[in-house]
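Below you'll find the structure, written out as C-alpha cells, and then a few comments.
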Amino acid sequence: MVDDDDDAADDVRAALASDPVALAVRRRVADVVLGWDGVEERVTRTQVAYRRRRGFAWVWAPRRHLGRTTGAHVVVSFALGRVELSDRVKEVAHPSTHHWIHHVELQDASDVDAQLTSWLREAWDRAG
C-alpha cells in the first residue's frame with residue numbers, strides 16, 4: 001500500500017484529483033485487495049490500478065478522467081468473465097471476447113461493501 005507521506009502518495013492524490021472521498025475509497029479498496037495473493041498496486045496519472053498477472057480493478061475519479069462531474073466522487077471498475085446485471089453497475093464495457101469491464105460509481109468509502117468485495121474477489125481470481 002502507498003504510505004501517505006511518500007512521493008507515491010502524491011501520485012495517488014493527483015490521480016484521484018485530491019478528492020477526500022475518492023482517496024478514502026482508494027484506501028478502502030487497497031485494504032481489501034492488497035491482502036490477496038500476488039496483488040500489486042500501480043498508480044498512473046489518472047487511476048490507481050490493481051493487478052495480479054493482469055489488471056483486475058481500477059479506482060479513478062470521473063471528473064479527472066472525463067473532465068466533467070457525473071455525480072460520483074469515484075468509480076471502481078473491475079474485469080469479470082461475465083456481465084453482472086446489478087443495479088449498482090453503472091456501465092459495462094466489452095473490450096474483448098472474454099472480458100467485461102464493470103463500472104460502479106461510489107459516493108462514500110462505505111460503498112466498498114461485501115457485494116463489491118465479492119466482485120473484486122471474482123475479478124482477482126480471474127486475473128491470476
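Following full-length UniProt numbering, the residues of the sequence shown are numbered contiguously, the last one being 128.
All residues carry an ideal CB built from backbone N, CA and C; glycine is no exception.
Just so it is clear, the structure is predicted and the values come from calculations on it, not from any experiment.
In this chain, the alpha helix (DSSP H) harbouring residue 118 covers 114 to 126. Taking 8 angstroms as the upper bound for CB-CB distance, residue 106 and residue 32 are not in contact here, some 13 angstroms apart.
In the three-state reduction of the DSSP assignment, residue 96 falls in the strand class.
Between residue 53 and residue 114, the CB-CB gap reaches or exceeds 8 angstroms.
Per DSSP, residue 83 lies in no beta strand (DSSP E) segment and is marked neither H nor E. In the structure shown, residue 26 adopts helical secondary structure according to DSSP, grouped into three states. Ranked by Cα distance from residue 61, the options 49, 38, 74, 122 are led by 74.
An exposed status is given to residue 93, since fewer than 16 other beta-carbon atoms sit within 10 Å of its beta-carbon. Distance from the CA of residue 80 to the CA of residue 19, rounded to the nearest whole angstrom, comes to 27 angstroms. Taking every protein chain shown into account, the CB of residue 82 has fewer than 16 other CB atoms within 10 angstroms, so this residue is exposed. Here the C-alpha atom of residue 86 lies approximately 22 angstroms from the C-alpha atom of residue 55. Under the DSSP assignment, residue 57 falls in the beta strand (DSSP E) whose first and last residues are 55 to 60.
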